[in-house]
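These notes are about the structure you will find just below.
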Amino acid sequence: MSVLVIAEHDNASVKPATLNTVTAALACGGEVHVLVAGEGAAAAAAAAGQIAGVSKVIHADGAALKNSLAETVAAQVLALVQGSAPGYSHILFAATASGKNVAPRVAATLDVAQISDITKVISPDTFERPIYAGNAIATVQSADAIKVLTVRTTGFEAAAATGGSASVESARVAADAGKSSFVASEIARNDRPELTAAKIIVSGGRALGSAEKFHAVITPLADKLGAAVGASRAAVDAGYAANDLQVGQTGKIVAPQLYIAAGISGAIQHLAGMKDSKVIVAINKDPEAPIFSVADYSLEADLFTAVPELAGAV
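Going by the numbering used here, the sequence shown opens with residue 14, and the numbers climb by one from there.
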């Protein structure tokens, strides 16, 4: 039996989340196959073949897969899984917006339970996943013939992007599911590192008071450090920052080398999204702020003074 990883890519390259998912797949045992589904994605398929530990890349290329609609990608995965011999024991998706959109459709059609957000593979049928906003870890054992898993990428080291020599095989493209259609997309261009892949993140909270102050205080420090910008849910809800900058249980799960939190009290939902960061620096004038309990370095100070001073010293 083999393990199937559903790659996330931009047709030219494989996204970092796929590398972490491959590491989880290797822990499940068996050969690791990677599905690259898209249109004009030959370069991404070739890149997937270079990932260390991957035995085979399956390349499905067609117009129906151009926009990676969840229904069509799910149909492609099912066509591959249901038509494979001897079959796949595990199907792994990164726990991203894309993976979380496709995985339940695959699990429901296969009539198996999805195991979400795994952070550890104990054995091929037993996994760990966080519950209660990360305050407890559940050990889940599955008796399903096929395990459908989403992988919390911060729980696994990234596999090496080079060093592999997997073969690339073409697969027949599944018919368009016909249940949805692509209308348009609005892509925000950002010169900063992508939030979930950034090595340094500077985040701001509601204490900043306005969108103008958020950008005036947080942006200069992020620029100096070459960091991504994040925000608490309270800051996003207040309109200080865009939705795609939200860090937390209902936002993005991050684990950078350095996480700087300015004016963030540390609600449990926010801590769930960043507490795996290697080094956490908290700046808050409230000595009772919960974020100080997880911080490696705590600065009890007014952020409007401390953050500019920090930026000036970098």
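Ideal Cβ placement from N, Cα and C applies to all residues, glycine included.
A direct Cα-to-Cα measurement between Leu238 and Gln95 gives close to 48 Å. Contact check for Pro137 and Gly42: beta-carbon distance about 5 Å, within the 8 Å limit, so the pair qualifies. Leaving aside the five residues that flank Gly51 on each side, the residues in its chain whose CB is nearer than 6 Å to its CB run, in chain order, Asn24 and Leu78. If only complete runs of 3 or more residues are kept, the stretch 191 to 277 shows the beta strand (DSSP E) at 213 to 217, 241 to 244 and 271 to 275, in order along the chain. Under the three-state reduction of DSSP, Pro300 is assigned to coil, being neither helix nor strand.
For Ser136, the beta-bridge partners assigned by DSSP are Thr139. About 6 Å separates the beta carbon of Ala172 from that of Gly66, a gap short enough to meet the 8 Å contact definition. Remark: three or more beta-carbon pairs, one from each stretch, lie closer than 8 Å, so the stretch 100 to 108 and the stretch 27 to 43 are flagged as touching. Here Thr152 carries a strand assignment [DSSP, helix/strand/coil]. Spanning the alpha carbons of Ile200 and Arg165 requires a straight line of approximately 24 Å. The Cβ-Cβ distance between Ala187 and Thr85 falls below 9 Å. Here Thr167 is actually not in contact with Val294; their C-beta atoms are around 18 Å apart, not less than 8 Å. Per DSSP, Thr318 is one residue of the alpha helix (DSSP H) stretching across Leu316 to Ala326. Under the criterion of beta carbons closer than 8 Å, Ser102 and Ile159 qualify as touching, at roughly 7 Å. Scanning its chain for C-beta atoms nearer than 6 Å, with the 5 sequence neighbours on each side dropped, one finds around Ala220 the residues Gly276, in chain order. Per DSSP, the beta bridge partners of Tyr310 are Val294.
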